[in-house]
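Protein chains in written order, with my numbering: chain A, 1195 to 1856; chain Z, 459 to 614; chain P, 1114 to 1293. Cβ coordinates follow ideal geometry from the N, Cα and C atoms, glycine included. Computed from a prediction, not measured in an experiment: that's the story for all the values here. What follows is one structure encoded as structure tokens, with my remarks underneath.
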Amino acid sequence: MIIELGHFSIILALCVAVMQSGFSLEGARRNEWNMMAAGRMAALAQFVLIALAFATLVHAYVTSDFSVLNVAQNSHTDKPLLYQLSGVWGNHEGSMVLWVLILSLYGAAVSWFGNSMPPRLCARVIGVMGLIGIGFLLFILLTSNPFLRLDPAPANGEGLNPILQDPGLAFHPPFLYLGYVGNAVSFAFAVAALIEGRVDAAWARWVRPWTLASWCCLTLGISMGSWWAYYTLGWGGWWFWDPVENASLMPWLASTALIHSAIVVERRDTLKSWAVLLAILTFSLSLVGTFLVRSGVLTSVHAFALDPKRGVFILLLLLITIGGSLTLYAWRAPRLEPGGVFAPVSREGALLLNNLILASCAATVFIGTLYPLFLDAVGGPKLSVGYPFFNRTFVPLMIPLLIAIAVGPMLAWKRGDLLGALQRLWAAFAVAIVVILILFYVTSGGPVLAVLGLGLATWVGMGALVELTERLRIFRSPWRETWRRALNYPRSSYGMTIAHFGMAVTVAGLAASAFEQERIQMLHVGQEETIAGYVLRFDSIGKRDGENYTADAAEFTLLKGGQVVAELKPERRFFPLQQQTVAKTAIHTNLVSDFYLALGDPDNQGGWAVRAYWKPLVPFIWIGGVFMAFGGAVSLSDRRWRVGVAARRMVKGALPAGGGSA
Amino acid sequence: MRRVLAWGLLLALLAAPGAGAVEPGEMLSNTVLEARAQAIGKELRCLVCQNESIEDSGADLAHDLRVLLRQRLAAGDTDQQAIQYIVDRYGDFVLLKPPVEPATWVLWFSPFAILILGGAGIWLYLRRRGTGMVSGDRPLTPEEQRELDRLLHEDQ
Amino acid sequence: MNFRRAFFLLPLVLFLVLAAYFWRGLSPDYDPQTLPSAMIDKPEPVFSLATLGNSGALTTDDMKGQVVLVNFFASWCVPCREEHATLMQFARDNAVPLYGIAYKDKPADAAKFLQSLGDPYKRVGLDESGRTGIDFGVYGVPETYAIDRQGRIRWRHVGPLDANAVAKELNPLLRELGAS
């Protein structure tokens, strides 16, 4: 009964989405306030309806209602409650409901906060988001409906994949979707601007908060996913250039480029048609990612169950959404007025370089991920493109960008003084060189590239600090002056410093992975081994029962210089329902490095395979991600965009009577 | 003896990438060979997994190939010969790094080609639009426009 | 249409090309997981395996001079059970010798498997280590290979052999190779 309510709710949401688009777009065309207002109400209603539907699905999972097909296929009474809940989106159908829920949430948010936006822009944005909602709601109802019943209902379900039974499942997909789907807002803004026929600084101001919010979420989502893979998979890998990972990285790269190009549009009213194209491409990459993950075109550890019929539907959605928006772009973009000019060496130039490199990186990942398909389609040999390709192309591409990150903010708008900027960065350069020299000495004979990578990370981090120092006139003015400047310093600039610093932290963690040490050995109870200056002692091994698994639980003690540093308890869990064994690693971290321990197979003579790793700086990878997201959030909280300045600008550049577009 | 083995492994592995699923029982006692095996294994795809190397995968086939690889190296094969032995049986698909051949030129050269072409395109575009020295930022004010008209018409 | 307009059309054009590739990727005969065999047209690997029923060793030489089929199976493999009926039918209908190789299977288990489901094989080799499988390029079971008179591998089928594959691919091939 309840699930039918959810089903009905989704159908109703589809109707409301039609009304939302219809009223909004038509209302904007005719400049009729009532219609546009109705569209905004519809957006709010759509969110409520889909939230209701989602709630009924959650209810079905939590009460283990196996008469619902989706629950029967993916759940089991023995599953702990957290996984009952997060299992809702641990499968294709449920995750699609999460997708449209978040889409409708963003739509409702635009409607709610849209009072200070020009009404026709707001209406068009909501209208476009409604259209996207129609597409995906149809997809759910026609091909991926989780609200179907199963008759007769089985006594119990098929359970959730043991690897997914982890708190990571509770957080990683929601944040990822908040990122992916949030790009739809920027997309809607771009399409709205094209329909209207104008892109100006005000548009950039409206777009940036939404783009930034979804970028923050995507950054966190990807970081979480990487960390989850790290502690789950048993040998501490954290990025595999897997097609599904790539599908999340490409929108992230495009979204980062978009944030930066939106700055140029806002400040200098230029590069407008490029920013619009980028906004369209960012969401397009999100959609392409959705296609790749759910259609069976690529193989991946992460891919959902493969079904070509769904693939055809999503491809159709792609054709309409991406094809439609790019057609609109080809038609309307040439009419956008070109904006201010600038010298190649300038802040605009640096941001353009940022865009160029990020776009090249995204294109590289794209080509690498899809190359096997391309080759096969033209009748070529069957090849695989793995991580060696990406490491050799992506990494060299990023290096000029990392060098430029420190320099760009030091350049003036319109015409910058490169030499002057470099001179002012002498401190960053000096510290980086010192770090490189020290590391070369300490790790003599070790990996050279990693040392250079750490030097690069130092350059980026110090560069961000030097820039802040300069702006706040630290060391140059009395403290009172500095303090005054600091209080008035715009939050978006603080955000930039924090985010760039976060990038440096992540790069440092990535580079230091070359210094990792490992020990793989058979150990018996009571034996010790040494690794990286630590002593690891195997204390005991026993059996333990969990809610839906039995485990071999081991206990180790980690010592350094005779002192106990930590007790580690890795396990091997066997899930009888799925007949699968999953390793649970034990990690001791001091936030600067990790000691990572995994239990392997026994040799049935009392010995157990023990994999121990010392991973320096690896927590930095994710701490950097958190910094970046935090910087984005700080930037987002900058009040200049929300009311006040944007509203004033809007009045100044008010639409001429009758509207400026067809 | 175990200590010597442990230290030897430590030294060898400082330079080698980490191995994910290799079992202690599979590892060669010759640390140089073991390091080579791990390095090569990291470049070979586990065919029954999704996107893992044979070093990282716990699958049976991965285990068999790891053992096979170590046997070939122990028998005196060079890295290239050992890799070729496996490629002969499984095809280029087993290589995680696609070979650089005409079929993959587009793949390998496109990243830098895109960067360079994009950069060139931007450079030309900026050059054509001017650097802002000559053309003004903003249109003329009405007063300036009148002044300009007056000056222009003065000559006539 | 001037150059500038064409430039703005480029993203759309590129996308349509991409969509075409995606369409191709969705077609049922594109399977990203199935590998073509690297051993096609190469000589059958040399091997010598113990056999079930102790009828002496099964070697490559035993198969020379005639068109044969080699089927890799295992008792622990679920799809192998599916294809077994097809193999039994094939053995009844054709004179082409069908050899089986039990891949990474204990002899007792393989014997039980054949006892309960029937034995379509002329002889069954035991590849407990899986090394012969690797030599053939086997990456999973079941897999079936067709070998011509000169001892070259000419065809591989990955996954359970169904009646469709037998009719559409295997029988025409056997006729072409000159089998009876």
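Residues that DSSP places opposite D1272/A in a beta bridge: D1272/A is not bridged by DSSP to any residue.
Starting from the N-terminal side, write out each stretch of the beta strand (DSSP E) that is 3 residues or longer and does not extend beyond the stretch 1305-1385 of chain A. none
Would S1298/A and V1385/A be called neighbours here (beta carbons separated by less than 8 Å)? no
Could you tell me whether any Cβ in chain A is nearer than 8 Å to the Cβ of L565/Z? yes
Of all the CB atoms in chain Z, is at least one closer than 8 Å to the CB of W1429/A? yes
Is A1651/A near the ligand NAP, in the sense that its beta carbon is under 7 Å from a heavy atom of that ligand? In the structure shown, the ligand NAP is absent, as is every other ligand, since no ligand is present at all.
State yes or no: is the beta carbon of E492/Z nearer than 8 Å to at least one beta carbon in chain A? no
If you count every other CB in all the chains shown that lies within 10 Å of the CB of A1349/A, and 16 or more means buried, which is it? exposed
8 Å is my cut-off, CB to CB: does G1580/A come that close to chain Z? yes
Tell me whether F1560/A is buried or exposed, calling it buried when 16 or more other Cβ atoms sit within 10 Å of its Cβ. buried
With a cut-off of 8 Å, does the C-beta of L1148/P fall near any C-beta of chain Z? yes
With 8 Å set as the bound, which would you pick, yes or no: does the beta-carbon of G580/Z sit closer than that to a beta-carbon of chain A? Going by the sequence as given, residue 580/Z is Ile instead of Gly. It does: the Cβ of I580/Z has a partner Cβ on chain A nearer than 8 Å.
Under 8 Å between the Cβ atoms of A561/Z and L1569/A? Closer than 8 Å, so yes.
Run the CB neighbour count on P600/Z, radius 10 Å, all protein chains shown included, and call it buried at 16 or more, exposed below. exposed
By how many angstroms is the C-alpha of V1645/A removed from the C-alpha of K1177/P? 59 Å
CA-to-CA distance, M1604/A to S1671/A, given in whole angstroms: 19 Å
Partner residues on chain A for P1156/P, Cβ-Cβ distance less than 9 Å: Annotation: P1156/P has no Cβ neighbours in chain A at a cutoff of 9 Å; minimum Cβ distance is about 21 Å.
Taking only the alpha-carbon atoms, compute the straight-line gap between V592/Z and G1534/A and give it to the nearest angstrom. For V592/Z, the predicted structure reports a pLDDT of 48, less than 50, and the residue's modelled location is therefore unreliable. The matter cannot be settled from this model.
M1444/A versus R1462/A, P1538/A, I1551/A, E1542/A, residue with shortest Cα-Cα distance: Selected option, being the one with the closest Cα: I1551/A.
Is DSSP giving P1141/P helix, strand or coil here? coil
Specify the secondary structure class of P1810/A as computed by DSSP and reduced to three states. strand
In whole angstroms, give me the CA-to-CA distance for W1677/A and I1328/A. Taking C-alpha positions only, W1677/A is separated from I1328/A by approximately 52 Å.
What would DSSP say about V1184/P, mapped onto helix, strand or coil? One detail in the question is off: residue 1184/P reads as Asn in this sequence, not Val. Looking at N1184/P - three-state DSSP - the assignment turns out to be strand.
Note down the Cα distance separating A1276/P from G1253/P, rounded to an integer number of angstroms. One C-alpha to the other measures close to 20 Å.
Buried or exposed: which applies to S1218/A, given that a residue is buried once 16 or more other Cβ atoms fall within 10 Å of its Cβ? Buried is the call here.
Can you name the residues of chain Z whose CB is closer than 8 Å to the CB of K1219/P? What K1219/P touches in chain Z: nothing, since even the nearest Cβ is about 14 Å away.
Other residues of its chain near G466/Z: CB distance less than 6 Å, five sequence neighbours each side excluded: Confidence is the limiting factor: at G466/Z the pLDDT is only 32, short of 50, which leaves the residue's position unreliable and the question unanswerable from this model.
Please return the same chain residues whose Cβ sits closer than 7 Å to the Cβ of D1795/A, not counting the five positions on each side in sequence. Once the five neighbours on either side are set aside, the close Cβ partners of D1795/A are A1803.
Cutoff 8 Å: N488/Z Cβ touching any chain A Cβ: no
Interface residues of chain P facing I1516/A [CB-CB closer than 7 Å]: In chain order: F1128.
Kindly list, in the order they appear in chain A, the residues whose Cβ is closer than 9 Å to that of A1132/P. L1509, L1512, L1513, I1516, G1517
With 16 other Cβ atoms within 10 Å as the buried cut-off, status of N1682/A: N1682/A is exposed by the Cβ-count criterion.
Members of the stretch 1555-1568 of chain A near chain P, C-beta cut-off 8 Å: Across the stretch 1555-1568 of chain A, CB contacts with chain P closer than 8 Å involve L1564, P1566, L1567, F1568, in sequence order along the chain.
Per DSSP, which residues does V1729/A bridge with? Please list them. T1724/A, L1753/A
With distances taken Cα to Cα, identify the nearest neighbour of S1280/A among Q1772/A, A1249/A, L1344/A, K1778/A. Selected option, being the one with the closest Cα: A1249/A.
Can the beta-carbon of A1473/A be found closer than 8 Å to that of F1583/A? no
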